[in-house]
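A.B. asks:
2 protein chains.
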Amino acid sequence: MTSRLEPFSFARRIPSTPSIGSSTVTKPDHIHLSFGFAAPHLFPIEQLSASAADAVTQHGRKALQYSGAPGPGKILQWIQERSLVHGIRADLNQILVTYGSTQGIDLATRILVDPGDHVWVESPSFFSALQSFRAAEAVVTSFPIDEDGVRVDLIENALVEAKRDGRPIPKLLYTMPTYHNPGGVTLSIERRKRLVQLAEAYNFFILEDDAYSELNFTGNQYPPLYTLFPERVIYLNTFSKIIGPGLRLGWVIADQQVIQKVRLLNLGGSIGVFTQEILAQLIDNFAFQNHVDALSAHYRKQRDVMAEALREHFGEHVSFHLPEGGFYIWLRFADHVNTSEWVQDAASRGVSFVEGKSFFADPEGYHYARLCFSYVSEEQIVRGVKLLADSYFSYIGREAVRSS
Amino acid sequence: MTSRLEPFSFARRIPSTPSIGSSTVTKPDHIHLSFGFAAPHLFPIEQLSASAADAVTQHGRKALQYSGAPGPGKILQWIQERSLVHGIRADLNQILVTYGSTQGIDLATRILVDPGDHVWVESPSFFSALQSFRAAEAVVTSFPIDEDGVRVDLIENALVEAKRDGRPIPKLLYTMPTYHNPGGVTLSIERRKRLVQLAEAYNFFILEDDAYSELNFTGNQYPPLYTLFPERVIYLNTFSKIIGPGLRLGWVIADQQVIQKVRLLNLGGSIGVFTQEILAQLIDNFAFQNHVDALSAHYRKQRDVMAEALREHFGEHVSFHLPEGGFYIWLRFADHVNTSEWVQDAASRGVSFVEGKSFFADPEGYHYARLCFSYVSEEQIVRGVKLLADSYFSYIGREAVRSS
Ligand SMILES: Cc1ncc(COP(=O)(O)O)c(C=O)c1O
Ligand SMILES: Cc1ncc(COP(=O)(O)O)c(C=O)c1O
Numbered sequence: 180m181t182s183r184l185e186p187f188s189f190a191r192r193i194p195s196t197p198s199i200g201s202s203t204v205t206k207p208d209h210i211h212l213s214f215g216f217a218a219p220h221l222f223p224i225e226q227l228s229a230s231a232a233d234a235v236t237q238h239g240r241k242a243l244q245y246s247g248a249p250g251p252g253k254i255l256q257w258i259q260e261r262s263l264v265h266g267i268r269a270d271l272n273q274i275l276v277t278y279g280s281t282q283g284i285d286l287a288t289r290i291l292v293d294p295g296d297h298v299w300v301e302s303p304s305f306f307s308a309l310q311s312f313r314a315a316e317a318v319v320t321s322f323p324i325d326e327d328g329v330r331v332d333l334i335e336n337a338l339v340e341a342k343r344d345g346r347p348i349p350k351l352l353y354t355m356p357t358y359h360n361p362g363g364v365t366l367s368i369e370r371r372k373r374l375v376q377l378a379e380a381y382n383f384f385i386l387e388d389d390a391y392s393e394l395n396f397t398g399n400q401y402p403p404l405y406t407l408f409p410e411r412v413i414y415l416n417t418f419s420k421i422i423g424p425g426l427r428l429g430w431v432i433a434d435q436q437v438i439q440k441v442r443l444l445n446l447g448g449s450i451g452v453f454t455q456e457i458l459a460q461l462i463d464n465f466a467f468q469n470h471v472d473a474l475s476a477h478y479r480k481q482r483d484v485m486a487e488a489l490r491e492h493f494g495e496h497v498s499f500h501l502p503e504g505g506f507y508i509w510l511r512f513a514d515h516v517n518t519s520e521w522v523q524d525a526a527s528r529g530v531s532f533v534e535g536k537s538f539f540a541d542p543e544g545y546h547y548a549r550l551c552f553s554y555v556s557e558e559q560i561v562r563g564v565k566l567l568a569d570s571y572f573s574y575i576g577r578e579a580v581r582s583s
Numbered sequence: 180m181t182s183r184l185e186p187f188s189f190a191r192r193i194p195s196t197p198s199i200g201s202s203t204v205t206k207p208d209h210i211h212l213s214f215g216f217a218a219p220h221l222f223p224i225e226q227l228s229a230s231a232a233d234a235v236t237q238h239g240r241k242a243l244q245y246s247g248a249p250g251p252g253k254i255l256q257w258i259q260e261r262s263l264v265h266g267i268r269a270d271l272n273q274i275l276v277t278y279g280s281t282q283g284i285d286l287a288t289r290i291l292v293d294p295g296d297h298v299w300v301e302s303p304s305f306f307s308a309l310q311s312f313r314a315a316e317a318v319v320t321s322f323p324i325d326e327d328g329v330r331v332d333l334i335e336n337a338l339v340e341a342k343r344d345g346r347p348i349p350k351l352l353y354t355m356p357t358y359h360n361p362g363g364v365t366l367s368i369e370r371r372k373r374l375v376q377l378a379e380a381y382n383f384f385i386l387e388d389d390a391y392s393e394l395n396f397t398g399n400q401y402p403p404l405y406t407l408f409p410e411r412v413i414y415l416n417t418f419s420k421i422i423g424p425g426l427r428l429g430w431v432i433a434d435q436q437v438i439q440k441v442r443l444l445n446l447g448g449s450i451g452v453f454t455q456e457i458l459a460q461l462i463d464n465f466a467f468q469n470h471v472d473a474l475s476a477h478y479r480k481q482r483d484v485m486a487e488a489l490r491e492h493f494g495e496h497v498s499f500h501l502p503e504g505g506f507y508i509w510l511r512f513a514d515h516v517n518t519s520e521w522v523q524d525a526a527s528r529g530v531s532f533v534e535g536k537s538f539f540a541d542p543e544g545y546h547y548a549r550l551c552f553s554y555v556s557e558e559q560i561v562r563g564v565k566l567l568a569d570s571y572f573s574y575i576g577r578e579a580v581r582s583s
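Next up, the structure:
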């Protein structure tokens, strides 16, 4: 059939630009400070290999079948118990396992947001989340962060003004209160309290993305927003940072009504039945607290090495907040610096980072860059930051010539 | 915080009724003729257990990491080669692995359909697909099937009339041309050709759900619609019926432009990385053709046992098409019979089936019922059909008394 087809108009909901992907550089000695990946040598490979074989042998028929059930009870119970450590009390029917928190974000968005509805986010924010909001045809408004997390005072002003002027209140506010990606900051307890008061007063949902909460470098504890207002906070977490992202398993904790709505989206029976059976087998005899302590100790060390290297090679040329946990250091350069203008040069020198602009809903953030200290070795961090500085100072030199 | 919250208005896109779930009867001797499940004793458990352990040991770091890549090359290559057996030629970048074809349906719908757009389906149709169309706020119109599949002549008339009257052409037509669920029928070659001509002439997409194509009882071959018109057919298939649904892995084959749009939806890196590595390990040394031949032989036998039992116990009271493949026999009763009125009675006697109405977008189909011969044993089929007949004749008896 030879066809001269007219172009087809796809759904408006499809964003025209991709969410940022991973750097495509594949040279073996390339240093990926861009990858927000877990340290692969800390994956519990041996235990998981044994669990995988056992799970298939013992529960193979169940692991391979459809299941209308919410997944192995063991995992739900594990989530329930571990959540208690963070102050979260939830019934089993308030927990839903998802394909990573990426799916959690998407599902929450789809149940709350109609085209044209308003979603408020932090600037910077997590790019996959921004992609979900675009796909839901939401109107996105951003609020800046500082050292204490998102500027709740500005959110409050905006709510007051919106109400006064008859403009829309958001359906959803998306936030990463603890160890923000990419900002590295943590929302203060004062601001947490105020934020949930606003959610109550103005009746919107908070989508709390808590992906990094187990990677705590200081021992400081911050109450999840969920604990302060379970009725209007949808809490998201993931096995990606604590076991391995390849599992693609995360979870949502929310009001029963929310969980029911999410289930009404067509989920094709259970999520990742086979992987869940294997994970259930793993966590059954796994010294999780030790594992998480080891991860936190390792990542803290990496953070310190990176911070030290940054001070040594960049001096006064960057500022950053030393994160209390998580994977990232968020670099702020002078306002006239545009990190998008030297990201390629840095790559050609053998180091990658993520340009600041990728984390913003609007065209801004050019004088920021995200570095990730989790995936690479200490030696690579030191060498990578040095290469980055070479690239930066060469850019600055060219700029100075250009503007003189 | 004690809150007196106003009710929250969730997104309009959320359907108010759940997709049908599995029967919740849990008595061990209950006969589930409702479950559209694979026969668990035919799962390749031993091979999979070994593959799972090997995959984690050998490729654990990869299996557990994020991946920007489209998944293990081995799986894509396997899909590519196996598709050739069915006449489908596709480049690797035209293949996308999904969380089962359930996700494939949802993703295809989301890239094509805006709220208010039209989707045409068969009546009966697959309930999860109907759920995706509702969640996309599509306007759904149904076209009946007969022994040769969907009535393409009626689709043609509707297109002609829509064009003449300036009414909307569908964005998408969803069909299960081969071994229809629940209808058990297969679209004739003539109708296949005509249907793709219509898609070309009226410029809409066909979503071809080919979930059962490997379970071929007769050796008859039908060209997938995709082979007749690759530009406007989105082809879906799944490992659920050939390996096991618990894997939650399926695939889409489509024009590169379509695949790119689907990737723009936020997919959180690769799909089921860990499971894909295990599956890649399995298919590497797996006598797939033998496996599929064994499945087909087994299911054909089951079909014959069920058909025989139906003729014996129901005689002239039901008619059905003997399926050339797949899992289902679709029973048609006299018009005044309402299967929803005795499904509970049947359950109380120890047998479940799916009421006809579950497969229709509009309130209709009450005189149909779906039986599945794949999950249960021969002995259960015989006993189940007998119990079903008891329930039916007791219902008919009550009806006769009521209307006399
Ligand atoms: C803030 C945040 N949320 C969610 C995710 C996604 O996690 P998952 O692997 O569970 O989809 C990430 C991963 O980078 C993240 O940084
Ligand atoms: C026609 C049809 N399509 C798709 C599916 C879903 O398959 P998967 O397990 O790949 O999501 C089924 C399963 O019952 C089906 O019958």
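Order-wise, the sequence lines are chains A and B.
The number in our numbering is simply the position in the first sequence, starting from 1, with 179 added.
The number in our numbering is simply the position in the second sequence, starting from 1, with 179 added.
We put the beta carbon where it would ideally sit given N, CA and C, even for glycine.
Give me the pocket residues for ligand 1, defined as CB within less than 6 Å of any heavy atom, sorted by chain position.
C.D. replies: Every residue passing the under-6 Å Cβ criterion appears here: A:G215, A:G279, A:S280, A:T281, A:F305, A:M355, A:N360, A:D388, A:A390, A:T417, A:S419, A:P424, A:G429, B:G447.
A.B. asks: Can you list, in chain order, the residues of the region 270-293 of chain A whose Cβ is nearer than 7 Å to any Cβ on chain B?
C.D. replies: Going along the region 270-293 of chain A in chain order, one finds Y278, G279, T281, Q282, D285, R289, I290, L291, V292, D293 with a Cβ nearer than 7 Å to chain B.
A.B. asks: State the Cα-Cα distance for the pair V329 of chain B and E301 of chain B, rounded to the nearest angstrom.
C.D. replies: Approximately 6 Å, taken between the alpha carbons.
A.B. asks: Taking Cβ to Cβ, would you say S556 of chain B is nearer than 8 Å to K536 of chain B?
C.D. replies: For S556 of chain B and K536 of chain B, no; Cβs fall outside 8 Å.
A.B. asks: Where does Y571 of chain B fall in DSSP's three states?
C.D. replies: If DSSP states are grouped into helix, strand and coil, Y571 of chain B belongs with the helices.
A.B. asks: Using the three-state DSSP reduction, which class does R268 of chain A fall into: helix, strand or coil?
C.D. replies: It is coil, neither helix nor strand.
A.B. asks: Which term fits G200 of chain B, buried or exposed, when burial requires 16 or more other beta carbons within 10 angstroms of its beta carbon?
C.D. replies: Low local confidence applies: a pLDDT of 47 at G200 of chain B is under 50, so the model's placement there is unreliable, with the coordinate-based value given in what follows. Flag for G200 of chain B reads exposed.
A.B. asks: Within the present structure, is the beta-carbon of L184 of chain B separated from the nearest heavy atom of ligand 3 by less than 7 Å?
C.D. replies: Ligands present in the displayed structure are limited to ligand 1 and ligand 2, and ligand 3 is not among them.
A.B. asks: For A390 of chain B and I258 of chain A, what's the separation of their Cα atoms in angstroms?
C.D. replies: If I take the Cα positions, the gap works out to 34 Å.
A.B. asks: Judging by CA-CA distance, which residue of B:N464, B:A525, B:E369 is the nearest neighbour of I575 of chain B?
C.D. replies: Per the Cα distances, B:A525.
A.B. asks: How many Å lie between V375 of chain A and F187 of chain A at the Cα?
C.D. replies: Cα to Cα, the separation comes out at about 44 Å.
A.B. asks: Have a look at B:G239, B:R528, B:P207, B:E578 and flag the residue whose alpha-carbon is nearest the alpha-carbon of Q460 of chain B.
C.D. replies: Of the candidates B:G239, B:R528, B:P207, B:E578, the one whose C-alpha sits nearest the C-alpha of Q460 of chain B is B:G239.
A.B. asks: For A231 of chain A versus V452 of chain A, is the C-beta distance shorter than 8 Å?
C.D. replies: No; because the gap between Cβ atoms is not below 8 Å, this pair is not in contact.
A.B. asks: Relative to the alpha-carbon of F418 of chain A, which residue among A:H211, A:P207, A:Y545, A:F216 has its alpha-carbon at the smallest distance?
C.D. replies: Among A:H211, A:P207, A:Y545, A:F216, the Cα nearest to that of F418 of chain A belongs to A:F216.
A.B. asks: Going along chain A, which residues have a C-beta under 7 Å from N382 of chain B?
C.D. replies: Simply L184, E185, F187.
A.B. asks: Using the Cβ count rule (16 or more neighbours within 10 Å means buried), how would you classify D325 of chain A?
C.D. replies: Under this definition D325 of chain A is an exposed residue.
A.B. asks: At which residues does the beta strand (DSSP E) containing S302 of chain A begin and terminate?
C.D. replies: Where S302 of chain A is concerned, the enclosing beta strand (DSSP E) stretches over 297-302.
A.B. asks: Between the alpha carbons of H211 of chain A and D483 of chain A, how many angstroms are there, rounded?
C.D. replies: So the alpha carbons of these two residues sit roughly 18 Å apart.
A.B. asks: Please state the DSSP three-state secondary structure of S531 of chain B.
C.D. replies: In this structure, S531 of chain B counts as strand in the three-state DSSP scheme.
A.B. asks: Considering only residues of the same chain and omitting the five flanking positions on each side of L338 of chain B, which have a CB-CB separation below 7 Å?
C.D. replies: Contacts found: I348, L377, Y381.
A.B. asks: Could you check if Q282 of chain B is buried or exposed, using at least 16 other CB atoms within 10 Å of its CB as the buried criterion?
C.D. replies: With 16 or more other Cβ atoms within 10 Å, it is buried.
A.B. asks: Can you list the residues of chain A that P668 of chain B reaches, using a CB-CB cut of under 8 Å?
C.D. replies: Nothing can be reported for residue 668 of chain B, as the shown portion of chain B is limited to 180 through 583.
A.B. asks: Does the Cβ of L291 of chain A have 16 or more other Cβ atoms within 10 Å, making it buried, or fewer, making it exposed?
C.D. replies: Flag for L291 of chain A reads buried.
A.B. asks: So the candidates are A:P424, A:F465, A:R549, A:V235; which of them puts its Cα closest to the Cα of P502 of chain A?
C.D. replies: Among A:P424, A:F465, A:R549, A:V235, the Cα nearest to that of P502 of chain A is on A:R549.
A.B. asks: For a test of the three-state rule: what should DSSP assign to V580 of chain A, helix, strand or coil?
C.D. replies: Helix, per DSSP.
A.B. asks: Report the option in B:G423, B:Q237, B:Q256 whose CA atom is closest to the CA atom of S553 of chain B.
C.D. replies: Comparing Cα positions, the closest option is B:G423.
A.B. asks: Count the other CB atoms within 10 Å of the CB of A167 of chain B; is the residue buried (16 or more) or exposed (fewer)?
C.D. replies: It is not possible to answer for residue 167 of chain B, since the shown part of chain B is limited to 180 through 583.
A.B. asks: For the region 505-520 of chain A, which residues have a CB atom closer than 9 Å to at least one CB atom of chain B, in sequence order?
C.D. replies: If the cut-off is 9 Å between Cβ atoms, the region 505-520 of chain A has nothing near chain B.
A.B. asks: How close, in whole Å, do the beta carbons of V276 of chain B and I450 of chain B come, if the pair is a contact with beta carbons under 8 Å?
C.D. replies: Indeed they touch by this definition, with Cβ atoms about 5 Å apart.
A.B. asks: For a contact meaning CB atoms closer than 8 Å, what does L227 of chain B contact in chain A?
C.D. replies: In chain order: V235, G239, L243.
A.B. asks: Confirm, please, whether the CB-CB distance from L386 of chain A to I284 of chain A is below 8 Å.
C.D. replies: Cβ distance < 8 Å, so I284 of chain A and L386 of chain A count as in contact.
A.B. asks: Can a CB atom of chain A be found closer than 8 Å to the CB of Q535 of chain B?
C.D. replies: For clarity, residue 535 of chain B is Gly in the given sequence; the question names Gln instead. False, the Cβ-Cβ gap to chain A never drops below 8 Å.
A.B. asks: In whole angstroms, what separates the C-alpha of Y401 of chain A from that of A488 of chain A?
C.D. replies: Rounded to the nearest angstrom, the two C-alpha atoms are 29 Å apart.
A.B. asks: Within the continuous alpha helix (DSSP H) that includes I334 of chain A, where are the two ends?
C.D. replies: Element bounds for I334 of chain A: 331-344.
A.B. asks: Assuming N416 of chain A is part of the beta strand (DSSP E), what are its boundary residues?
C.D. replies: Here the beta strand (DSSP E) through N416 of chain A covers 412-417.
A.B. asks: Between I254 of chain B and L458 of chain B, which are expected to be in contact by the criterion C-beta below 8 Å, what is the C-beta distance as a whole number of angstroms?
C.D. replies: Correct: roughly 6 Å between the Cβ atoms.
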